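Since the structure comes first, as structure tokens, the remarks are kept for the end.
Number of protein chains: 2
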Amino acid sequence: MARDNSEKKPMFKRMALIGIGLIGSSISHAARRAGLVGETVCSALTPEERERATALGLATKAYADPADAVKGADLVILCTPVGAFKDIAEAIGPHLEKGAIVSDVGSVKGAAVRDIAPSIPEGVHFVPGHPIAGTEQSGPDAGFATLFDGRWCVLTPAPDADPEAVAKIEEFWRKLGSNVEVMTPEHHDMVLAITSHVPHLIAYNIVNTAAHLERVTDSEVIKFSAAGFRDFTRIAASDPVMWRDVFLNNKEAVLEMLGRFSEDLIQLQRAIRFGDGETLQRLFATARSIRRGIIQAGQDTAQPDFGRSAVKVREGTD
Amino acid sequence: MARDNSEKKPMFKRMALIGIGLIGSSISHAARRAGLVGETVCSALTPEERERATALGLATKAYADPADAVKGADLVILCTPVGAFKDIAEAIGPHLEKGAIVSDVGSVKGAAVRDIAPSIPEGVHFVPGHPIAGTEQSGPDAGFATLFDGRWCVLTPAPDADPEAVAKIEEFWRKLGSNVEVMTPEHHDMVLAITSHVPHLIAYNIVNTAAHLERVTDSEVIKFSAAGFRDFTRIAASDPVMWRDVFLNNKEAVLEMLGRFSEDLIQLQRAIRFGDGETLQRLFATARSIRRGIIQAGQDTAQPDFGRSAVKVREGTD
Chain X
1 MARDNSEKKP
11 MFKRMALIGI
21 GLIGSSISHA
31 ARRAGLVGET
41 VCSALTPEER
51 ERATALGLAT
61 KAYADPADAV
71 KGADLVILCT
81 PVGAFKDIAE
91 AIGPHLEKGA
101 IVSDVGSVKG
111 AAVRDIAPSI
121 PEGVHFVPGH
131 PIAGTEQSGP
141 DAGFATLFDG
151 RWCVLTPAPD
161 ADPEAVAKIE
171 EFWRKLGSNV
181 EVMTPEHHDM
191 VLAITSHVPH
201 LIAYNIVNTA
211 AHLERVTDSE
221 VIKFSAAGFR
231 DFTRIAASDP
241 VMWRDVFLNN
251 KEAVLEMLGR
261 FSEDLIQLQR
271 AIRFGDGETL
281 QRLFATARSI
291 RRGIIQAGQD
301 TAQPDFGRSA
311 VKVREGTD
Chain C
1 MARDNSEKKP
11 MFKRMALIGI
21 GLIGSSISHA
31 ARRAGLVGET
41 VCSALTPEER
51 ERATALGLAT
61 KAYADPADAV
71 KGADLVILCT
81 PVGAFKDIAE
91 AIGPHLEKGA
101 IVSDVGSVKG
111 AAVRDIAPSI
121 PEGVHFVPGH
131 PIAGTEQSGP
141 DAGFATLFDG
151 RWCVLTPAPD
161 ADPEAVAKIE
171 EFWRKLGSNV
181 EVMTPEHHDM
191 VLAITSHVPH
201 LIAYNIVNTA
211 AHLERVTDSE
221 VIKFSAAGFR
231 DFTRIAASDP
241 VMWRDVFLNN
251 KEAVLEMLGR
261 FSEDLIQLQR
271 AIRFGDGETL
281 QRLFATARSI
291 RRGIIQAGQD
301 TAQPDFGRSA
311 VKVREGTD
């Protein structure tokens with residue numbers, strides 16, 4: 001999958017990735033695949049991550065201090081959990097190069113703007129972003145070049161943001177393989193609450209409910225998980241710290257969506273209690289049309305995954 | 001994958017599958033793969049299904065009336081939604097051959113026993129069963145021979161059931177590729193309520209919640225589904241009639257598990273409202289250990305499916 005891009009002029013001379021987990025490492029792979037940057041450096045919290053980052057060729061240098069990583073960088077992307085944004089922004093602010101673009105990949109955009117924007121100095125451009133892609137795995141070894149292919153990346157620039165900087169980040173994400181959409185941080189947080197945050201919360205929740213039953217053992221839950229539960233544990237295997245920060249930082253939208261979810265669940269619960277099969281069948285049938293829309297939009301395949309075997313092939317990564 | 005089993009003596013001379021959807025057609029494929037039956041016939045509700053059943057080689061004959069299908073059969077398996085069991089059992093009862101074994105694949109075993117057992121005549125053996133396997137697809141074309149490989153099949157025979165008949169059905173399922181476990185119908189229904197029924201209900205529910213939002217459009221829900229929602233729509237694409245019957249027939253266990261689910265969800269909701277990150281992170285982290293157990297037990301792979309691409313390989317079916 002690696003192509004020779006030596007003759008193309010890269011979009012950025014030096015990209016600094018602050019945090020090198022699943023998303024940071026995938027950006028590094030995908031940017032190299034498309035020849036978008038001259039050099040990639042990163043910062044990471046632990047010595048182990050820094051070692052993996054350079055060993056895997058994700059970065060030429062891996063720093064402990066984000067302020068060191070951003071020096072001389074014309075593109076800085078924050079790829080840590082959302083809860084770390086404020087401290088990082090304050091630390092890097094004074095060291096950002098004039099004309100540089102700062103972006104992020106946080107799953108909550110209102111909080112990203114609130115925590116990063118105040119530390120961006122005059123002459124530096126801030127274009128918040130969120131690639132809607134991921135897997136349930138984390139860390140520098142989890143990344144791969146094709147993660148963003150065909151997925152969407154949402155940008156939420158301020159109304160007075162520099163149009164050239166926004167266009168450049170848009171081009172960057174398209175070349176990483178994504179489609180790009182621009183919206184307000186508030187709308188993003190509402191859309192993601194229902195398509196991502198609440199689904200993760202209820203997946204975490206049912207796994208915990210199952211773990212605390214007295215009359216059904218853990219080993220029974222595991223043995224018979226192929227009946228549906230399995231797919232929830234997959235989602236619930238996502239990084240706990242990242243998700244803690246999502247819920248702490250998108251409180252209002254998540255609580256609103258959760259309220260609607262619970263209301264709708266009560267309706268189903270009543271239908272079960274009173275034996276109202278007609279209501280159940282009607283509500284179950286409408287779900288199929290949304291599924292069809294997702295397959296038509298190329299966001300999933302119709303392949304019957306629920307019965308998946310151990311044999312799988314993924315497109316090669318770099 | 002088709003093997004020559006012509007020299008082996010089949011376990012049953014004639015198998016009658018009542019209903020030929022995903023599970024019925026998969027039993028036909030898997031039984032042929034292992035040379036378990038001399039002949040397979042079936043009954044199905046619609047002319048289209050009957051046509052597909054013979055065209056696909058799932059059955060030598062496909063009848064409209066289940067009573068016709070069971071004549072001369074020494075193995076009869078009910079593969080319809082649970083809600084049809086009572087009428088079918090009453091219809092086939094007088095036509096069952098002495099010494100035959102009747103089984104079923106219903107997802108609710110208390111209701112299966114309640115609805116089938118009274119119609120089983122003296123000298124015919126009833127061994128209820130439930131293969132814990134499936135995909136989100138339905139119909140005679142959805143079946144494949146490897147569906148049961150490495151999955152569990154639960155049998156719930158009555159305490160006074162004929163031990164030879166139970167042993168024979170156990171052997172049959174092992175040869176279809178399954179592991180077999182025996183338990184009471186009540187315990188089965190409790191275990192499946194948490195590993196299958198409630199997960200499906202909340203998957204259906206969140207898809208419907210998303211479909212009824214005013215401030216987030218359907219097309220946004222579809223576009224950004226790769227963030228987690230997608231996997232719920234996959235589960236929610238399962239057959240609406242089958243699932244209606246599951247909830248109508250496993251009411252008590254589902255309502256109990258749903259009550260616990262809602263209690264636990266309220267706890268998470270409170271933690272979000274009051275910014276209790278410690279509780280959130282602790283509850284999220286425990287979910288990972290259950291996931292590890294499922295992978296170790298061979299009920300799923302560690303392959304990062306959440307980021308799946310369109311390229312997939314499934315083991316060949318017959």
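The listed protein sequences derive, respectively, from chains X and C. Numbering-wise, the numbering used here puts 42 at position 42 of the first sequence, and it's gapless, one number per residue. Numbering-wise, the numbering used here puts 307 at position 307 of the second sequence, and it's gapless, one number per residue. Where is the CB? At the ideal position from N, CA and C, for every residue including glycine. Since the structure is predicted, the reported quantities are computational estimates derived from the model, not experimental observations.
Non-local beta-carbon contacts of C:Ala-111 in its own chain, meaning distances under 6 Å to residues more than five positions away in sequence, involve Val-82 and Asn-249 in chain order. Under DSSP, X:Met-15 shares a beta bridge with X:Thr-40 and X:Leu-75.
Under the Cβ distance rule, C:Tyr-63 does not count among the residues neighbouring chain X, no pair being separated by less than 9 Å. At a C-beta separation below 7 Å, C:Met-11 has no neighbours in chain X, since its nearest C-beta there lies roughly 24 Å away. Contact note: X:Pro-199 reaches chain C through Ile-206, Gly-228, Phe-229 and Phe-232, using a C-beta cutoff of 7 Å and chain order.
Taking all protein chains in view, the Cβ of C:Phe-274 is surrounded by fewer than 16 other Cβ atoms within 10 Å, so the residue is classified as exposed. Proximity of chain C to X:Val-241 at the Cβ level (cut-off 7 Å) is accounted for by Gln-281, in chain order.
Between the C-alpha atoms of C:Thr-286 and X:Ile-20 there is a straight-line separation of about 24 Å. For X:Ile-120, no CB of chain C lies under 9 Å from its own CB, so it is not counted at the interface with that chain. Taking 9 Å as the cut-off, the Cβ atoms of C:Leu-192 and X:Ala-211 do not count as close. As summarised for the segment 141–200 of chain C, the continuous beta strand (DSSP E) elements at least 3 residues long and confined to that stretch are 152–155 and 179–182, given in chain order. Under the DSSP assignment, C:Gly-110 falls in the alpha helix (DSSP H) whose first and last residues are 109–116. Per DSSP, C:Ser-289 is one residue of the alpha helix (DSSP H) stretching across 277–296. Secondary structure note for C:His-95: it is in no beta strand (DSSP E), with a DSSP letter that is neither H nor E. Non-local C-beta neighbours of X:Ile-77 in its own chain, meaning closer than 6 Å and more than five positions away in sequence, comprise Leu-17 and Ser-103, ordered along the chain.
Residues of chain C whose Cβ lies closer than 7 Å to the Cβ of X:Glu-220 are, in chain order, Val-191. At a cut-off of 9 Å, the C-beta of C:Glu-164 has no neighbouring C-beta in chain X.
Take the alpha-carbon of X:Asp-264 and the one of C:Asn-208: they are about 8 Å apart. Taking a C-beta cut-off of 9 Å against chain X, none of the residues of the segment 38–59 of chain C qualify. Pairing X:Gln-137 with X:Ala-30 gives a Cβ-Cβ distance that is not under 9 Å. For C:His-29, no beta strand (DSSP E) run applies; the uninterrupted alpha helix (DSSP H) run containing it begins and ends at 22–33, by DSSP. DSSP places X:Asp-218 within a helical segment (H, G or I) once states are collapsed to three. The shortest C-alpha to C-alpha distance from C:Val-70 to any of C:Glu-90, C:Arg-291, C:Thr-195 and C:Leu-255 is the one to C:Glu-90. In this structure, the alpha-carbon of C:Ser-219 lies about 13 Å from that of X:Ile-194. Approximately 6 Å separates the beta-carbon atoms of C:Lys-168 and C:Ile-101; this is inside 8 Å, confirming the contact. C:Ile-120 sits in coil when the DSSP states are folded into three classes, being neither helix nor strand. Under the three-state reduction of DSSP, C:Ala-62 is assigned to strand. For X:Gly-129, the three-state secondary structure derived from DSSP is strand. In its chain, beyond the 5 residues on either side, Thr-40, Val-41, Cys-42 and Ala-53 have a beta carbon closer than 6 Å to the beta carbon of X:Ala-59. Counting the other Cβ atoms within 10 Å of the Cβ of X:Ala-55 gives fewer than 16, which makes it exposed. Secondary structure note for C:Val-254: its alpha helix (DSSP H) is the uninterrupted segment 251–273. Rounded to whole angstroms, the gap between the alpha carbons of C:Gly-293 and X:Ile-222 is 6 Å.
For the pair X:Val-108 and X:Val-246, the Cα-to-Cα distance works out to about 6 Å. Of all residues in the segment 133–165 of chain C, only Ala-133, Gly-134, Thr-135, Glu-136, Gln-137, Ala-142, Phe-144, Thr-146, Leu-147, Asp-149, Gly-150, Arg-151, Trp-152 and Val-154 come within less than 9 Å of chain X when Cβ atoms are compared, listed by chain position.
By the neighbour-count criterion, in which a residue is buried when 16 or more other Cβ atoms sit within 10 angstroms of its Cβ, X:Gln-296 is exposed. DSSP places C:Asp-104 in the uninterrupted beta strand (DSSP E) bounded by 101–104.
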